[in-house]
Every structure is written in structure tokens, then in C-alpha cells.
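Have a look at the structure below before the remarks.
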Amino acid sequence: MSTPRVGVAALGGTIAMTSRTGREVTPTLAADDLIAAVPRLGDLADVTATTVATRPSASVTSADLAAVIEWAAAQVAQGACGVVVTQGTDSIEESAYWLDLHWDRPEPLVVTGAMRPPTTPGADGPANLLAAVLTASAQEARGRGVLVVLNDTVHTAAEVLKGRSSHPDAFVSRPFGPLGFLEEERLHMRAPAARRRPALPVTKGAAPPSVALLETHLDDTGHVLDLVVRAGYDGVVIAGFGVGHVPERMVDAVQRAIDAGVIVAVATRAGNGPTHEASYGYAGSEVDLLARGVIAAGWLHPRKARVLLVELLRDGAGVEQVRDEFAQRGTVAG
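See the structure below:
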């Protein structure tokens, strides 16, 4: 049996950080350095390494991710059975979903990182990279789009969330838990691959549309939403109360945004569960908002809903196409 070929691209993050002072860390390591830290990889796969960027997690951009898609497609065209991307964990839940929206190949694209830098006792980066390469080379991972692998746990890009600011077990999948696990260097999945929505095209060069993410709160009057509209934003995702609600005093601001041509979507700020469509009928409820033209995010977390809205608007989608895409991708299997 031939050795599988896997491409590894590095974007920076904690997994690539070292310290020049003996205390705080900054991203310094390239992809080759990460590979060299895991000698076992050479026994499992023919690994090629590329450094796309060396950034902290919060500074990763959609342009970086577009470069990753281009690199990953080239790796697959050259015979890779899968690809791995290493990056900072703080933005993985958004960047993995961005990649998933644009990845159109059956070969797995696996995102991983580390919660502890290489200079810290108990550093988890090498184990995570090993698990990611094992996943990328596994037949069971094909046809599942972009996967996130940390702590020997496999998550889908649409459901993964960073549930804790630190600790190696920081990542969770909501609402139904992880997709799979690695045991003794073998991948175990709990369900067959689901049918995927068509990938969105990658639009190069153009600045991303301006889409705000606003969370409702006690005494919210919609003033910030009005400011966002005046600033010329193209869209807004509201992280609403419960199953997709805003305060009654905010309703007029929502209507002004819609009247101004801003696409408004509502998700739940609860962190788990979907928005509803027909449960509550008071001013500011989901029934009221949907009647005004607000788009329901369904099961999508607010941060992922914002990523989806940005990419749909970047592709030139109108409000009805956006509504349809949210209806399809906001389902449990979306």
C-alpha cells in the first residue's frame, strides 16, 4: 500500500508561537518547523509543508483563507489525499466555516491548532497535528467538507465552537456533539457523510462586504443598529434573545435598516439551539421580525451566520437568494 500524500499549510497561531523573552509568545514557526516536531508523521504520510502566513488568530483574514483554498486545491490536483491547515484557535470557528463554504472537493480539508504553545509543558500542538494528518488521510473523512480536529476529537466546521478561552479541551460541537474521535491512530466517525450544499465561489481582490454582528441586550433601543446603517453597512446579523427576539424598543430600528436596503438576519445569542418561526407573536418576536423581512439564521451560531452573509453578499446574492441559502444552510445538516 502506497504512503498517502498530505499537504500541510501554516497560518500561525499558538501552535507556531515561541518566546523571545521567556514569557509572552508570538508566532514565529513555519510549517516545516511544525512538521519537524512530529517525527511520527513521516511513518504515516508523505507530508509537504507550506507557510501561507504567520499571524495570531485574531489577525487571520479572508484573503489568507482564499490563499489557503487555492493552495489546497493545487495540493489535491497534485495527488494529495487530504490537506491540513494549522492556525490560531481563537478564530477557528469562523475560518473553518469560511473554508467549508468554499471547499468543493471530496478530499478532506482539516483545520487544527493548539491551546498551548510549543514552549509550554504539555504542549498539545504536535498531537493535534498528528491527529489532523491521520484524519486528512482517512477514507472515512472524505466527502465531509472541512473538519476541525483538536484533542483527538473531530468536529464539523458548521457546528464547532470554542467553548472555553483556554485548556486543551476547549472545543465543542453544538447541538449534537462531535462528529468523531481518534483512538490508537484510527478515525472513528459516528455518522456517514451528509449531502453538502454547493460551494460558493472565491472572489479574489474585492474587499469583503461590511456586515456587522450586534448582540441584543437589556435596554437595547436599536441606537447602535441605526449607527451601523448610517455608516453604510451592507448587512447585519443580530444575536437576539431566545429563539430570535429583540426588545420592542428596537423594532423601529430594525425596520429602518430593512427600509434602507440593509439585509438583516437574526440568530440566537443563547449559544445552542435554533431560531424559531412561529412560536411568539409580540412586537420584536421572531414572527414579527420575519414578517418585516428579517432572515432567520436557524441553527447557525451568530458568528457563522455573519460569515455566511458576508460571503453571499460578496458573491452578489440578493435578499431572496440570501434567504434561501440561510434556510438551507441553517438546518442541522446544513
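Its first residue numbered 1, the sequence shown is counted upward by one per residue in the UniProt record's numbering.
For every residue, glycine included, the Cβ atom is placed at its ideal position computed from N, Cα and C.
Nearest by alpha-carbon distance to residue 299: which of 319, 266, 153 and 311 is it?
Reading the sequence shown from its first residue, position 299 is the one you call residue 299. Considering only alpha carbons, the answer is 266.
Using only alpha-carbon positions, find the residue among 315, 111 and 285 that is nearest to residue 68.
Position 68 of the sequence shown, counted from the first residue, corresponds to residue 68. Comparing Cα positions, the closest option is 111.
Bridge partners of residue 217, per DSSP?
The residue given as residue 217 occupies position 217 in the sequence shown. The partner list for residue 217 (beta bridge, DSSP) is empty, contrary to what the question assumes.
Residue range of the beta strand (DSSP E) that includes residue 155:
The sequence position of residue 155 within the sequence shown is 155, counting from 1. That run of the beta strand (DSSP E) goes 153 to 156.
Mind the definition here: the segment 249 to 264 touches the segment 289 to 298 only if three or more C-beta pairs lie below 8 Å; say whether that holds.
yes
Apply the 10 Å Cβ neighbour rule to residue 278 and answer buried if 16 or more other Cβ atoms are within range, or exposed otherwise.
For this step, residue 278 is matched to residue 278 along the sequence shown. By the Cβ-count criterion, residue 278 is exposed, with fewer than 16 other Cβ atoms from all chains shown falling within 10 Å of its own Cβ.
Could you spell out the range, first to last residue, of the alpha helix (DSSP H) harbouring residue 313?
To locate residue 313, count along the sequence shown from 1; it is residue 313. Where residue 313 is concerned, the enclosing alpha helix (DSSP H) stretches over 302 to 314.
The alpha helix (DSSP H) enclosing residue 63, as first and last residue numbers:
Counted from its first residue, the sequence shown places residue 63 at position 63. First-last of the alpha helix (DSSP H) with residue 63: 62 to 77.
For residue 42, report the span of its beta strand (DSSP E) as first-last.
By one-based count along the sequence shown, residue 42 stands at place 42. That residue, residue 42, is in no beta strand (DSSP E); its alpha helix (DSSP H) goes 41 to 44.
Does the pairing of the segment 112 to 132 with the segment 14 to 23 give three or more beta-carbon distances under 8 Å?
yes
Do the segment 31 to 48 and the segment 94 to 107 make contact, defined as three or more Cβ pairs closer than 8 Å?
no
State yes or no: is the C-beta of residue 76 within less than 8 Å of the C-beta of residue 10?
The residue given as residue 76 occupies position 76 in the sequence shown. The residue given as residue 10 occupies position 10 in the sequence shown. Not in contact: residue 76 and residue 10 (Cβ atoms no closer than 8 Å).
On a CA-only basis, which of 89, 7 and 286 is nearest residue 160? Give me that one, please.
In the sequence shown, counting from the first residue as 1, residue 160 sits at position 160. When only C-alpha atoms are compared, the closest one is 89.
Rounded to the nearest angstrom, what separates residue 114 and residue 274 at their Cα positions?
Within the sequence shown, the letter at position 114 stands for residue 114. Within the sequence shown, the letter at position 274 stands for residue 274. Their backbone Cα atoms lie some 29 Å apart in a straight line.
Out of 47, 315 and 213, state which residue places its alpha-carbon closest to the alpha-carbon of residue 297.
Reading the sequence shown from its first residue, position 297 is the one you call residue 297. Nearest C-alpha to residue 297: 213.
So which of 70, 332 and 246 has the shortest CA-CA distance to residue 225?
Residue mapping note: residue 225 aligns to position 225 of the sequence shown, counting from 1. Checking every option, the nearest Cα to that of residue 225 belongs to 246.
Taking one C-beta from the segment 305 to 317 and one from the segment 196 to 213 each time, how about it: are there three or more such pairs within less than 8 Å?
yes
Would you check if the distance between the CB atom of residue 235 and the CB atom of residue 313 is smaller than 8 Å?
Taking the sequence shown and counting its residues from 1, the one referred to as residue 235 is at position 235. Taking the sequence shown and counting its residues from 1, the one referred to as residue 313 is at position 313. Their beta carbons are under 8 Å apart, which means residue 235 touches residue 313 by this criterion.
Going by the CB atoms, is the gap between residue 155 and residue 340 shorter than 8 Å?
No answer is possible for residue 340: the residues shown for the chain start at 1 and end at 334.
Considering Cα atoms alone, identify which of 54, 7 and 62 is closest to residue 207.
As a first step, residue 207 is located in the sequence shown; it is residue number 207 there, counting from the start. Residue 207 has its Cα closest to that of 62, out of 54, 7 and 62.
Less than 8 Å between the C-beta atoms of residue 341 and residue 6, yes or no?
For the chain, the structure presents residues 1 to 334; residue 341 sits outside this window and is missing.
Distance CB(residue 238)-CB(residue 264) smaller than 8 Å
Sequence index remark: in the sequence shown, residue 238 carries index 238 (1-based). Sequence index remark: in the sequence shown, residue 264 carries index 264 (1-based). Cβ distance < 8 Å, so residue 238 and residue 264 count as in contact.
CB residue 176 to CB residue 150, shorter than 8 Å?
Along the sequence shown, read from residue 1 onward, the residue named residue 176 stands at position 176. Along the sequence shown, read from residue 1 onward, the residue named residue 150 stands at position 150. Against a cut-off of 8 Å, the Cβ pair of residue 150 and residue 176 comes out as no contact.
Opposite residue 183 in the DSSP bridges: which residues?
As a first step, residue 183 must be located in the sequence shown, where it is residue number 183. In DSSP, residue 183 forms a bridge with 186.
What are the complete beta strand (DSSP E) segments, minimum 3 residues, inside the segment 108 to 161?
109 to 112, 146 to 150 and 153 to 156
In chain order, what residues of the same chain lie with their CB nearer than 8 Å to the CB of residue 26, ignoring the 5 residues before and after it?
On the sequence shown, position 26 is the one that residue 26 refers to. 17, 18, 19, 20 and 56.
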